[in-house]
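Encoded as C-alpha cells, the structure appears first; notes follow it.
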C-alpha cells in the first residue's frame with residue numbers, strides 16, 4: 789500500500805533489457821526496463837504487450853509493418869503473436885504492462901532472456 | 789497498430805471523472821481521466837486498480853489507512869475491495885489500468901458513474 793515513484797525505481801538498477809517488476813494488479817505486472825541498442829526478434833504467443841515510454845525514444849521494428857518510433861509520453865501495444873524487435877539508439881526508459889509470467893524474449897529464448905518476476 | 793500520445797488523447801476531452809479508454813491489452817484497458825475536486829467513496833469488489841499520475845497531484849483517501857498523495861511520475865495500486873475516495877485540489881491527469889468492464893464508481897453507482905468502454 790505504498791506509492792511507487794518511477795524515477796526512484798529506475799535509479800535502483802542500471803542493466804539494459806532486464807525488466808524489473810514494480811507493481812501488480814491481479815495477474816498483470818508493471819515492469820520498468822532500460823533499453824539501449826538492439827533487442828532480439830521475438831513474439832509473445834499468449835499475450836498483447838504494452839510499451840509506455842517514460843524517458844527517451846525507442847523504435848519497434850516489425851517484419852510485416854512499418855517501424856514505429858515512440859517517445860516520452862507515448863505508448864504502443866504489440867498484439868499477441870506479432871514478431872517485433874525493440875531497439876533504441878540511446879538509453880530509453882520504458883514501462884511494460886503485461887501478464888505475470890511474460891518472458892522478455894517471448895518465444896525466442898537466448899542470451900538476453902531475463903529472470904522473470906524480478907522485483908525492484 | 790498506431791502509437792498513442794497521452795497528451796493528444798488528453799486534449800480530446802475536458803470533462804472530469806469520465807475515464808476514456810485509449811488502449812487495450814487482452815482484457816485489460818488503459819484509461820485517461822481528468823480529475824478535480826472530490827470523487828465518491830467506492831470500492832471495486834472484483835479487481836485491483838492502478839493509478840498512474842501523468843500531470844499534477846492527487847490524493848486517495850481510505851477508511852482504514854492514511855491518505856496517499858501521488859504526483860506526476862508516481863503510481864499507486866488500490867487493492868480489490870478496499871474502499872477509497874480519489875480527490876484533487878487542482879485538475880490532475882491520471883492513467884488508470886484495470887480490467888475491461890470496471891466501472892468508475894465500483895459498487896457505489898450514482899451521479900458520477902461514467903459510461904463504460906468509452907474510447908477517445
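Chains as they are written, first to last, in our numbering: chain L, 789 to 908; chain G, 789 to 908. Ideal placement from N, C-alpha and C gives every residue a C-beta, glycine not left out.
Asked: Here's the rule: buried if 16 or more other CB atoms are within 10 angstroms of the residue's CB, otherwise exposed. What is residue 864 of chain G?; Found: buried
Asked: If residue 838 of chain G sits next to residue 839 of chain L, beta carbons under 8 Å apart, how far is it from one beta carbon to the other, in whole angstroms?; Found: Contact flag wrong, Cβ pair sits at about 16 Å.
Asked: By alpha-carbon positions, which one of L:895, L:894, L:897, L:798 ends up nearest to residue 842 of chain L?; Found: L:798
Asked: Are residue 823 of chain L and residue 874 of chain L close, meaning C-beta to C-beta below 8 Å?; Found: yes
Asked: Flag this pair as touching only if the segment 844-852 of chain G and the segment 866-884 of chain G have three or more C-beta atom pairs under 8 Å; answer yes or no.; Found: yes
Asked: To the nearest angstrom, report how far apart residue 881 of chain G and residue 791 of chain G are at their CA atoms.; Found: 19 Å
Asked: If distances are taken between C-alpha atoms only, which option among G:845, G:846, G:816, G:820 comes closest to residue 835 of chain G?; Found: G:816
Asked: Out of curiosity, what's the CA-to-CA distance linking residue 807 of chain L and residue 885 of chain G?; Found: 19 Å
Asked: Going along the segment 867-888 of chain G in order, which residues come within less than 8 Å of chain L, judged by CB to CB distance?; Found: 867, 868, 885, 886, 887
Asked: Which residues in the same chain have their Cβ closer than 6 Å to the Cβ of residue 876 of chain L, if we skip the five residues on either side of it in sequence?; Found: 823, 824, 846
Asked: Would the beta-carbon of residue 829 of chain L fall within 8 Å of that of residue 896 of chain L?; Found: yes
Asked: Between L:887, L:826, L:809, which lies nearest to residue 899 of chain L when the distance is taken from Cα to Cα?; Found: L:826
Asked: When Cβ atoms are compared, which residues of the segment 812-833 of chain G fall closer than 9 Å to chain B?; Found: Note that chain B does not occur in the displayed structure, where the protein chains are L and G.
Asked: Please return the same chain residues whose Cβ sits closer than 8 Å to the Cβ of residue 906 of chain L, not counting the five positions on each side in sequence.; Found: 806, 807, 808, 809
Asked: Hey, could you find the ends of the alpha helix (DSSP H) residue 873 of chain G is sitting in?; Found: It is not in any alpha helix (DSSP H) - residue 873 of chain G instead sits in the beta strand (DSSP E) that spans 872-887.
Asked: What did DSSP end up calling residue 794 of chain G once you bin it into helix, strand or coil?; Found: helix
Asked: Grab me the residues of residue 833 of chain G's own chain with a C-beta within less than 8 Å of its C-beta, minus the 5 sequence neighbours each way, in chain order.; Found: 868, 869, 894, 895
Asked: Alpha carbon to alpha carbon, how far is residue 862 of chain L from residue 789 of chain G?; Found: 13 Å
Asked: According to the Cβ coordinates, are residue 800 of chain L and residue 908 of chain L closer than 8 Å?; Found: yes
Asked: Which bits of chain L does residue 900 of chain G rub up against, with CB to CB less than 7 Å?; Found: Ordered by position in chain L, no residue passes the 7 Å Cβ test against residue 900 of chain G, which lies about 22 Å from the chain.
Asked: In the DSSP assignment, what are the bridge partners of residue 868 of chain L?; Found: The partner list for residue 868 of chain L (beta bridge, DSSP) is empty, contrary to what the question assumes.
Asked: I want to verify the contact list: residues of chain L whose CB lies under 9 Å from the CB of residue 808 of chain G, in sequence order.; Found: By Cβ distance, chain L contributes nothing, its closest Cβ being about 14 Å from residue 808 of chain G, past 9 Å.
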